[in-house]
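Participant: Quick note on my numbering: the sequence shown kicks off at 9 and runs consecutively.
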Amino acid sequence: MKLSANQIKHIDTYLQNSGIEYIDVRMELVDHVALAVLDKMEQQRLSFYDAFKWYMVEHKKDMVKNYDRFRKKNQLRGFSLLFTMLKKPFFIGLFVLLFFVIFNCKRMLGVQFPHIPVLWGSLVGLALIYLVFSIPFKKNRFSGMESLAWIISLIHWMILLLFNFTDLTPGWVLGWPIMAALVSSSLLTVFMVWIVVFFQQKNVYKTKYAQLCQ
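1. Is it buried or exposed for residue 149, if we count other Cβ within 10 angstroms and need 16 for buried?
2. If you follow the alpha helix (DSSP H) that residue 79 is in, where does it begin and where does it stop?
3. Return the chain-ordered list of same chain residues with a C-beta closer than 6 Å to the C-beta of residue 60, the five sequence neighbours on each side being excluded.
4. Contact between the stretch 62-81 and the stretch 101-113 is defined here as three or more beta-carbon pairs at a separation below 8 Å; is this criterion met?
5. Please classify residue 82 as buried or exposed, where buried requires at least 16 neighbouring CB atoms within 10 angstroms.
6. I need the boundaries of the alpha helix (DSSP H) containing residue 17, first residue and last residue.
7. At what residues does the alpha helix (DSSP H) containing residue 110 begin and finish?
8. Considering only the alpha carbon of each residue, which of 79, 193, 84 lies closest to residue 123?
9. Using 8 Å as the Cβ pair cut-off and three pairs as the minimum, do the stretch 151-169 and the stretch 68-75 touch?
10. Taking all protein chains shown into account, do 16 or more other C-beta atoms lie within 10 angstroms of the C-beta of residue 215, making it buried, or fewer, making it exposed?
11. How about residue 37 and residue 28: are their beta carbons less than 8 Å apart?
12. So within the stretch 181-216, which uninterrupted alpha helix (DSSP H) runs reach at least 4 residues, ignoring any that extend past its ends?
13. What does a CB cutoff of less than 7 Å around residue 131 pick up in its chain, not counting 5 residues either side in sequence?
14. Could you check what DSSP says for residue 56 in three-state terms: helix, strand or coil?
15. Taking the straight line between their C-alpha atoms, what separation do you get for residue 197 and residue 114?
16. By a C-beta neighbour count over all protein chains shown, 10 Å radius and 16 as the cutoff for buried, is residue 153 buried or exposed?
17. Would you grab the beta carbon distance between residue 195 and residue 86 for me? Rounded to a whole angstrom, and I think it's under 8 Å.
18. Does the beta-carbon distance from residue 90 to residue 201 come in below 8 Å?
19. Using a Cβ-Cβ cut-off of 8 Å (strictly less than) and excluding sequence neighbours within five positions of residue 145, which residues of its own chain qualify?
20. What residues in its chain sit with their C-beta under 7 Å from that of residue 23, if we drop five residues either side in the sequence?
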């Protein structure tokens, strides 16, 4: 015996209406609640709604603890996914290519690489992706990815301050071209990896929800 798609949807909608907007956390909770409710239905021969009502009354405090536990779990998973992806040959090669192009930009094109505009652009791009795909519809919010986004944004701000964003040709950049190229290529690579992981997680939890409803 297993819960129907409508019953799974009922649990998911209830959790979403209760303020649990993060998909990754909510799917963990849906799975957790569904197993407990199904067990109660089988043991005491209750209807789904009676078993679900019992669970929410008896485990209301546990829901808060489970929410915090699953959120921390998915935040750690987000970091793990990011670092795992960064170690893949494709992104290592991308970093090397970006570093080579950025470091040799002046030699190849006769102009200094626009470190600050590019970093501002990537920071704005990260914000736009988050806003477009997460905030308006509240469908694609992932606690792990949001934590990573905030950290990446903070690093961007720190680097931009170090580059002195009030001057488009700061002496620090011109005086330390290797370090400037290293910083810029690293942040751009991390930014692209974040995008890839974001959409991968979106598909993972879409598939997981479909499997729960089967």
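Every residue, glycine too, gets a C-beta built ideally from N, C-alpha and C. Predicted model only: the values in this text are computed from it and were never measured.
Facilitator: So, to answer that:
1. The residue in question, residue 149, is buried, as its Cβ has 16 or more Cβ neighbours within 10 Å.
2. It spans 68-94 - the alpha helix (DSSP H) in which residue 79 sits, taken as one unbroken run.
3. Cβ within range, chain order: 45.
4. Between the stretch 62-81 and the stretch 101-113 there are fewer than three C-beta pairs closer than 8 Å, too few to call the two in contact.
5. Per the 10 Å Cβ criterion, buried.
6. Residue 17 -> alpha helix (DSSP H) spans 13-25.
7. Element bounds for residue 110: 97-111.
8. Nearest neighbour of residue 123 by Cα position, chosen from 79, 193, 84, turns out to be 193.
9. Counting Cβ pairs under 8 Å, fewer than three are found: no touch.
10. Residue 215 is exposed by the Cβ-count criterion.
11. Yes, the Cβ-Cβ distance between residue 37 and residue 28 is below 8 Å.
12. Taking only runs of at least 4 residues, no alpha helix (DSSP H) segment lies wholly in the stretch 181-216.
13. Result list for residue 131: 161, 164, in chain order.
14. Here residue 56 sits in helix by DSSP.
15. Near 21 Å, if we compare the C-alpha coordinates of residue 114 and residue 197.
16. Buried.
17. Residue 86 and residue 195 do not touch by the CB rule: their CB atoms are close to 18 Å apart, not below 8 Å.
18. Closer than 8 Å, so yes.
19. Per-residue confidence for residue 145 stands at a pLDDT of 49, beneath the threshold of 50, marking its modelled position as unreliable; the derived number appears in the next sentence. Excluding positions up to five away in sequence, the list is empty.
20. Excluding residues up to 5 positions away in sequence, 34, 37, 38 lie with their Cβ nearer than 7 Å to the Cβ of residue 23 in the same chain.
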